[in-house]
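Engineer: Quick mapping for you: the protein sequence lines, in order, are chains W and A. What the first sequence shows, in full-length UniProt numbering, is residues 1 to 113, in sequence order. What the second sequence shows, in full-length UniProt numbering, is residues 1 to 113, in sequence order.
Number of protein chains: 2
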Amino acid sequence: MREILAKIGDKWSILTIMMLSGGTRRFSELQRGIEGISQRMLTLTLRGLERDGLVTREVFPTIPPRVEYTLTPLGRSLQQPVIALGQWVVANLPEIDTARRRFDAAAEDRGGN
Amino acid sequence: MREILAKIGDKWSILTIMMLSGGTRRFSELQRGIEGISQRMLTLTLRGLERDGLVTREVFPTIPPRVEYTLTPLGRSLQQPVIALGQWVVANLPEIDTARRRFDAAAEDRGGN
DNA sequence: CAGTATCCCGTTAGATACTG
DNA sequence: CAGTATCTAACGGGATACTG
């Protein structure tokens, strides 16, 4: 369970699932949509999701090549929780930021590093 | 947002929040409840959650010392999404496991190392 | 009890270069 | 386009020892 949570909860996995919630996407679309992800990490993330049965990978042998990723039914069942989490983060980002500044300022006062 | 997700999505944070969903807990209770966490990681995780305003830390200057951790309102607002995620994992663990074995077996066939 | 302080190693992720 | 391969710096996290 720890291991599954670590994988599902992984930031790249969450962002990828959020992207795929909008429907089938190509590799390059995902990379453009997920800010900051490297080619390597996108590949590894997609392989992991595929392995866990959350995503299917379909290759079109055209030139140039084209690969499409789609959520499986299992993957879609994960949408609700994951999107809820994502929305929570977006909604509460300002409050977290404030809390951090307060915490850091207090640490500073106590003789911060 | 990436950074917040990375922190929230962290396995220890999720498990800690799940533990604290049951109410206020002492340091040692948390350590016993979260299987596999080290003293160091529990301390670091709690500091992070405290910094982000999700958890409060209350020290009782008794002998022996006693420290209690409680979810803040912000932390409690995170309960729903986090617990939903945890429940999804528990509910779908078998299916994920099956998918993995299938995937690994297929890789094996294709000459997987 | 509830930490803090070190040491240290394995994994991870970013950058870069190459390919079917 | 959609990867794979390789190298390396950074980080995570365990073990251990010490303390208010």
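Glycine is no exception: its CB is placed at the ideal position from the N, C-alpha and C atoms. The model shown is predicted, which means the values in this text are computed figures rather than measured ones.
Say whether the stretch 80-96 of chain W touches the stretch 7-22 of chain W, bearing in mind that this needs 3 or more beta-carbon pairs closer than 8 angstroms, one atom from each stretch.
Structural biologist: yes
Engineer: Hey, quick one: how far does the beta strand (DSSP E) through A:Thr56 stretch, first residue to last?
Structural biologist: 55-60
Engineer: Look up A:Thr70 in the DSSP assignment and give the residues it is bridged to.
Structural biologist: A:Thr56
Engineer: In this structure, how does DSSP classify W:Trp51 when only helix, strand and coil are distinguished?
Structural biologist: Note that residue 51 of chain W is Arg in the sequence shown here, rather than Trp. DSSP places W:Arg51 in helix when its eight states are reduced to three.
Engineer: Going by the CB atoms, is the gap between W:Ile96 and A:Asp109 shorter than 7 angstroms?
Structural biologist: no
Engineer: Buried or exposed for A:Ser28, please, with buried defined as at least 16 other CB atoms from any protein chain shown within 10 angstroms of its CB.
Structural biologist: exposed
Engineer: Considering only the alpha carbon of each residue, which of A:Arg32, A:Met1, A:Arg2, A:Leu42 lies closest to A:Lys11?
Structural biologist: A:Leu42
Engineer: On a Cα-Cα basis, can you pick out the residue from W:Pro73, W:Pro64, W:Arg40 that is closest to W:Thr56?
Structural biologist: W:Pro73
Engineer: Around the C-beta of A:Arg25, are 16 or more other C-beta atoms found within 10 angstroms, so that it is buried, or is it exposed?
Structural biologist: buried
Engineer: Thinking C-beta only, is A:Thr45 closer than 7 angstroms to A:Thr70?
Structural biologist: no
Engineer: What span of residues does the alpha helix (DSSP H) with A:Arg2 cover, start to end?
Structural biologist: 2-8
Engineer: Bridge partners of W:Arg26, per DSSP?
Structural biologist: In DSSP, W:Arg26 forms a bridge with W:Glu68.
Engineer: Could you have a look at W:Ile34 and say whether DSSP puts it in helix, strand or coil?
Structural biologist: coil
Engineer: How long is the line joining the alpha carbons of A:Leu30 and W:Gly48, rounded to whole angstroms?
Structural biologist: Rounded to the nearest angstrom, the two C-alpha atoms are 30 angstroms apart.
Engineer: Count the other CB atoms within 10 Å of the CB of W:Val78; is the residue buried (16 or more) or exposed (fewer)?
Structural biologist: Just to set this straight, residue 78 of chain W is Leu in the shown sequence, not Val. Answer is buried; the Cβ neighbour count reaches 16.
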